[in-house]
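Keeping their order, the protein sequence lines are chains A and B. Quick note on the working numbering: the first sequence kicks off at 1 and runs consecutively. Quick note on the working numbering: the second sequence kicks off at 1001 and runs consecutively. By construction, the Cβ of each residue, glycine as well, lies at the ideal position given by its N, Cα and C atoms. Since the structure comes first, as structure tokens, the remarks are kept for the end.
Protein chains: 2
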Amino acid sequence: MTRSGDEIRNWQAVQAEVLRRLHTRQWRPGELIPNEAELAREFGCARATVNRALRALAEAGLLDRRRKAGTRVALHPVRKATLDISIVRIEVEGRGQSYDYRLLSREELPAPEPLRARLKLGDGAPLLHLRALHLADGNGHMVEDRWINAAAVPAIRDADLSRISANEWLVMHASFSEGDIGFSAASASADEARLLGCDAGAALFVIDRTTWNRDLAITSARLAFAPGYRMQTVI
Amino acid sequence: MTRSGDEIRNWQAVQAEVLRRLHTRQWRPGELIPNEAELAREFGCARATVNRALRALAEAGLLDRRRKAGTRVALHPVRKATLDISIVRIEVEGRGQSYDYRLLSREELPAPEPLRARLKLGDGAPLLHLRALHLADGNGHMVEDRWINAAAVPAIRDADLSRISANEWLVMHASFSEGDIGFSAASASADEARLLGCDAGAALFVIDRTTWNRDLAITSARLAFAPGYRMQTVI
DNA sequence: GCCGATAATATGTCTGCACATAATATCCCT
DNA sequence: AGGGATATTATGTGCAGACATATTATCGGC
């Protein structure tokens, strides 16, 4: 009898109690746990409350739920790490560092073939190609290499991208419905090394990101971070 | 067919309609949107249904909600990328590759100072130190360097870690309540290069992970992936 | 004009009920 | 025995109403 008298009447409390049973292995991986109605009776709350708690835990990957089959403890808890992808400036300033930004180049070009395929663009679609350097406390922090589909965001042509980064401008002025993001490591090119103040060949953390609005490609960017950069989160 | 034909009566439909208004910028960043009761009236559904939809969008970072203040479109949509952190074997096999695993070394050592501090361990706490190589299609895929707090998981001493990876054994036999995870890039050491079949100094994608159960440190691991590895997700 | 008490308001959540939906178990007819 | 119709079951969701809670607006006294 862990808790006999005090009842568990809100979903956070239900969640906490279920978590306790998972962590103490009172309910073990693969095991079927009591159904919502039973738990509701045990906890002295409504089924909807139990549902809310179990649903949240299932979203977090700790439980597997299937209609009729019931709820069981996840066998391979695919823990989901959620990374907050925010604007670089906000991230840098959030660490208490000063932020600065320099536009390195800006040109309008026909889309190169591999990119055209990735963005599913037509033949002569013109793209805006930008290169920029983001600085933290005056040091090179990240090199941004970005292609923007000018047809999708015509207003970008009039934007002053020497003061505000395309990153930030797009967040403010163009919304997107979907996107994919990839994380990898790459060796610094001579150019990147110069900008980031490191040796050529140094290991850089790289984020590749492409965003869409419905079927229309908005932008594709490669962000290469200075050595030592670390993207951190809790699970 | 309902009377007007286009009523929005379930929370997914409400969410979709709200998303449409966000993407078409009918509701712009920073703007206050109608309250739940009004939307419920407009959509012809219950307030709880609207609540469910808006809450999900707020969790995703697209809306900011505050009691009494109302709901407004997020100014800086901190999109959350959720990464599925699963067992290496499952991930490799999921790509249709064959998986293999080799334990390289296993020794029990007193905790080195920096690690002892990070895991908040006492003085002579003995740790199990493991090094292992994970292979995909016979090629070096990832080098695992792991420290395990033997006091927290005594059963690990009897585990046959030459056949099943510590990664997997721990997922099955030890639960954890919290953890932190960091992503970065690092240059391959001579040893790592030999194991992964790449040049020394090559850029490797690295995951550092430490997990806890309540206040008790369970394990801390560094996973260095072969060049070309890419962690991908959608947002 | 300032400040503290009070009212108003939007979201947050619980409840009890109903029905929907998916998956499984069972029965029945051949 | 086989296979399809049917019943059963657990979760998924919707609804109306109520109260809780956080936050802002307002009003009255000084």
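To which residues of the same chain is residue i closer than 6 Å at the C-beta, ignoring the five residues directly before and after it?
i: A/T2; result: Residue confidence for A/T2 is low, a pLDDT of 39 falling below 50, so the modelled location carries little weight; the figure read from the coordinates is stated next. Closer than 6 Å at the Cβ level, and outside the excluded window around A/T2, lies no residue.
i: A/Y229; result: F205
i: B/N1213; result: F1176, S1177
i: B/A1111; result: L1121, A1125, L1127
i: A/I181; result: R209
i: B/T1190; result: Rather than Thr, the amino acid found at residue 1190 of chain B in this sequence is Ala. Once the five neighbours on either side are set aside, the close Cβ partners of B/A1190 are A1200.
i: A/W169; result: A159
i: B/E1042; result: none
i: B/L1039; result: V1050
i: A/R217; result: Arg is not the amino acid found at residue 217 of chain A; the sequence shown has Ala there. Around A/A217: L119, N149.
i: A/S86; result: none
Can you grab the Cα-Cα spacing for the pair residue i / residue j, in whole Å?
i: B/L1019; j: B/L1057; result: 8 Å
i: B/F1225; j: A/R209; result: 20 Å
i: B/A1046; j: B/R1055; result: 14 Å
i: B/M1231; j: B/G1096; result: 16 Å
i: B/V1050; j: A/Y101; result: 41 Å
i: B/A1060; j: B/R1079; result: 7 Å
i: B/V1143; j: A/N10; result: 44 Å
i: B/R1272; j: B/R1052; result: What the structure shows of chain B is the stretch from 1001 to 1235, and residue 1272 of chain B is not part of that stretch, so it cannot be assessed.
i: B/P1077; j: A/V171; result: 7 Å
i: A/L135; j: A/P154; result: 28 Å
i: B/R1146; j: B/L1130; result: 5 Å
i: B/L952; j: A/G44; result: Residue 952 of chain B lies beyond the stretch modelled for chain B, which goes from 1001 to 1235, so this question has no answer here.
i: A/G179; j: A/R118; result: 12 Å
i: A/N167; j: A/E113; result: 23 Å
i: A/L63; j: A/L22; result: 10 Å
i: B/V1234; j: A/F183; result: 11 Å
i: B/A1016; j: B/I1008; result: 10 Å
i: B/D1160; j: B/E1192; result: 24 Å
i: A/I90; j: A/S165; result: 12 Å
i: B/R1163; j: A/I33; result: 30 Å
i: B/T1211; j: A/T211; result: 33 Å
i: B/E960; j: B/S1220; result: The question about residue 960 of chain B has no answer, for chain B in this structure spans 1001 to 1235.
For residue i, list the residues DSSP reports as bridge partners.
i: A/K80; result: B/D1084
i: B/Y1229; result: Beta-bridge pairing links B/Y1229 to no other residue.
i: B/N1139; result: B/A1136
i: B/L1103; result: B/A1132
i: B/S1220; result: B/W1147, B/T1210
i: B/V1018; result: According to DSSP, which records beta bridges pairwise, B/V1018 is partnered with nothing at all.
i: A/A203; result: A/S187
i: B/R1065; result: B/T1071
i: A/I33; result: A/T71
i: B/E1108; result: B/L1128
i: B/G1234; result: In the sequence on display, residue 1234 of chain B carries Val and not Gly. Partner(s): A/D180.
Can you find the residues in the same chain that come closer than 7 Å, C-beta to C-beta, to residue i, ignoring five residues on each side of it along the sequence?
i: B/E1093; result: Y1099
i: B/K1140; result: Inspection of the sequence shows that residue 1140 of chain B is occupied by Gly rather than by Lys. These residues qualify, in order along the chain: L1133, L1195, L1196, G1197, A1226.
i: B/E1031; result: R1072, V1073
i: A/L75; result: P29, G30
i: A/D84; result: none
i: B/A1151; result: A1125
i: B/L1104; result: R1131, A1132, L1133
Name the two residues that bound the continuous alpha helix (DSSP H) containing residue i.
i: A/Q26; result: Premise fails: A/Q26 is in no alpha helix (DSSP H) and is neither H nor E.
i: B/A1040; result: 1036–1043
i: A/P112; result: It is not in any alpha helix (DSSP H) - A/P112 carries neither H nor E in the DSSP assignment.
i: A/V171; result: 166–173
Which residues bound the beta strand (DSSP E) around residue i?
i: B/L1133; result: 1126–1136
i: A/F183; result: 178–187
i: B/N1051; result: Here B/N1051 belongs to no beta strand (DSSP E); instead the alpha helix (DSSP H) covers 1047–1059.
i: A/R95; result: Neither: A/R95 is in no beta strand (DSSP E) and is coded neither H nor E.
Looking only at its chain, what residues have a beta carbon closer than 8 Å to the beta carbon of residue i, apart from the 5 residues adjacent to it on each side?
i: B/D1158; result: none
i: A/N35; result: G70, T71
i: B/D1215; result: K1120
i: B/A1186; result: A1203, L1204, V1206, A1224
i: A/G138; result: S98, D100
i: A/Q12; result: A53
query: Between the stretch 214–233 of chain A and chain B, which residues of the former have a C-beta closer than 7 Å to a C-beta of the latter?
result: Those residues of the stretch 214–233 of chain A that come within reach of chain B (Cβ to Cβ, closer than 7 Å) are Y229, R230, M231, Q232, T233.
message: Give me the subset of the stretch 1161–1172 of chain B whose CB atoms are less than 8 Å from a CB atom of chain A, sorted by chain position.
response: Cβ contacts with chain A come from V1171, M1172.
- request: Could you please tell me which residues of the stretch 1080–1101 of chain B, in chain order, have their CB closer than 8 Å to any CB of chain A?
  value: Under the 8 Å Cβ criterion, the stretch 1080–1101 of chain B contributes K1080, A1081, T1082, L1083, D1084, I1085, S1086, I1087, I1090.
- prompt: What residues from the stretch 1182–1195 of chain B come within 9 Å of chain A, judged by C-beta to C-beta, listed N to C?
  reply: The stretch 1182–1195 of chain B vs chain A, Cβ under 9 Å: G1182, F1183, S1184, A1185, A1186, S1187, A1188.
message: Residues of the stretch 118–150 of chain A in Cβ contact with chain B at a cutoff of 8 Å, in chain order, please.
response: Result list empty, no residue passes.
message: Output needed in chain order: residues of the stretch 199–214 of chain A with a Cβ under 9 Å from some Cβ in chain B.
response: Under the 9 Å Cβ criterion, the stretch 199–214 of chain A contributes G201, A202, A203, L204, F205, V206, D208, R209, T211, N213, R214.
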